[in-house]
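In what follows, a structure is listed as structure tokens, so that the remarks can point back to it.
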Amino acid sequence: MRKVLRVALWGLAVGGAVLAFDWLPDALAELDVFRAREYTVEGTRHLDDEQVLATAAISPFMSVFDDLTVIEQRLEQHPLIRHARVTTKLPETLVVTIEERTPVGFVASPVLEPVDREGRILPLDPVEHRLDLPVLFKVGDGEALSPSQMRILAMEVDRLGTDDPTFLAAVSEMTIDDRGDATAVVSGDLLLQFRPPLSHRRLRDGLTVLEDAVLVRPDQRVAVLDLRFDDQIVVRYARSPIVASTPRGDR
């Protein structure tokens, strides 16, 4: 009998704890001491705190124990915000952490507009934010990039910026044609031709061949570095090509 009584009491205690766990946050949310009065914004680069908080539209009556996912969802509707996370710092602070969409290039439509790696146009003033990015466009008679072509070029620029930011800084333009071949204008007069995606190893091998070609003919300008072929790298001077086999390790 005593054993049954102990089991019953233990069950009541567990049940009470579960009930308390369920209603405790709601009860705490009603306390004025846990009202969200302070806000901290982290992770921004182009947005300022006022813009983030205006988008968040946090109610003055919100508690740090309220559901914060609605704020995150609201923030992620902003065209410059890729991801948002809102956490609490007791007793009265909400910490808003932002991952912004980063501009990687410009498209002309007809004015220059920045795009991120997914090809999304971003509402940023290039002059105000001092953006120095390559211009992305399609080869042809002024035809606009398709959404897929824009994504391909934007992802290539983003990859180059991650793998070799120094090289990307020398790229002023990047184009794509209907076959999917891309061309980057490097240092104003060198055309780098490739088929996306361009791997870091392939680019490195191409630049090595380029250095050798400059040494072979220092009095001639290299006009084209062609990486479109799997088994060779083609260097074209102003008048004639030099073909170099791809290094054995890259085959």
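The opening residue of the sequence shown carries number 0 in numbering that gives the first Met the number 0; numbering runs sequentially from there. Don't be surprised by glycine CBs; every beta carbon is placed ideally from N, CA and C.
### Task
From the DSSP output, in three-state form, read off Pro164 for me.
helix
### Message
Among the candidates Ala169, Leu206, Ile151, His199, whose CA atom is the shortest distance from the CA of Asp188?
### Response
Ala169
### Query
In three-state DSSP terms, what is Gln50?
Three-state DSSP puts Gln50 in a helix.
### Query
Can you check whether the CB of Val223 is closer than 7 Å to the CB of Leu197?
Contact flag unset, no.
### Message
Helix, strand or coil for Gln192? Go by DSSP, reduced to three states.
### Response
Of the three classes helix, strand and coil, the one that applies to Gln192 here is strand, per DSSP.
### Query
Taking 6 Å as the line, does the beta carbon of Ser171 fall inside it for any heavy atom of the ligand GTP?
With respect to small molecules bound, the structure shown includes none, and the ligand GTP cannot be examined in it.
### Opposing strand residues paired with Gly104 [DSSP bridges]
Val114
### Query
For the beta strand (DSSP E) that contains Thr92, what are its first and last residues?
92-99
### Query
Applying the criterion that 16 or more other CB atoms from any shown protein chain within 10 Å of the CB defines a buried residue, is Glu99 buried or exposed?
Answer is buried; the Cβ neighbour count reaches 16.
### Task
Hey, could you find the ends of the alpha helix (DSSP H) Ile175 is sitting in?
First-last for Ile175: 170-175, but that is the beta strand (DSSP E), not the alpha helix (DSSP H).
### Query
What are the boundary residues of the beta strand (DSSP E) that Gln76 is part of?
Boundaries cannot be given for Gln76, as no beta strand (DSSP E) includes it and DSSP labels it neither H nor E.
### Message
Among Ile151, Asp140, Thr39, whose alpha-carbon lies nearest the alpha-carbon of Ala83?
### Response
Closest by alpha carbon: Thr39.
### Query
Just curious, the beta strand (DSSP E) that Asp225 is in, first and last residue?
221-225
### Message
Which same chain residues end up closer than 6 Å to Leu159 when comparing Cβ atoms and leaving out the 5 residues on each side of it in sequence?
### Response
Leu167
### Message
For a test of the three-state rule: what should DSSP assign to Glu142, helix, strand or coil?
### Response
In this structure, Glu142 counts as coil in the three-state DSSP scheme.
### Task
Take Leu30 and list the residues in its own chain whose beta-carbon comes closer than 7 Å to its own, dropping the five residues that flank it on each side.
For Leu30, the predicted model reports a pLDDT of 46, less than 50, meaning its position is unreliable and no value from the coordinates is stated.
### Query
Whose CA, out of His45, Phe60, Lys137, lies closest to the CA of Ala153?
Nearest option by C-alpha distance: Lys137.
### Task
Can you tell me which of the three DSSP states Ile151 falls into?
helix
### Query
Are the Cβ atoms of Thr54 and Leu74 separated by less than 7 Å?
yes
### The alpha helix (DSSP H) enclosing Val215, as first and last residue numbers
199-215
#### Entry: Best match in Pro125, Gly104, Ala183 for proximity to Asp115 [C-alpha to C-alpha]
Residue Gly104 holds the alpha-carbon nearest to the alpha-carbon of Asp115 among Pro125, Gly104, Ala183.
#### Entry: Inter-residue CB distance, Pro102 and Leu123 (contact presumed, cutoff 8 Å)
6 Å
### Task
Assign Ala183 to one of two classes, buried (16 or more other C-beta atoms within 10 Å of its C-beta) or exposed (fewer than that).
Per the 10 Å Cβ criterion, buried.
### Task
Please state if the CB of Leu111 and the CB of Pro125 are separated by a distance shorter than 7 Å.
yes
### Query
So which of Asp140, Val215, Pro78, Ala56 has the shortest CA-CA distance to Glu117?
Pro78
### Query
Would you report the Cα separation of Leu27 and Phe64, rounded to the nearest angstrom?
Confidence at Leu27 is low in this model, with a pLDDT of 48, below 50, so its placement is unreliable and the value that follows should be read with caution. Here the C-alpha atom of Leu27 lies approximately 7 Å from the C-alpha atom of Phe64.
### Task
Would you mind stating whether His128 and His199 have Cβ atoms separated by less than 7 Å?
no
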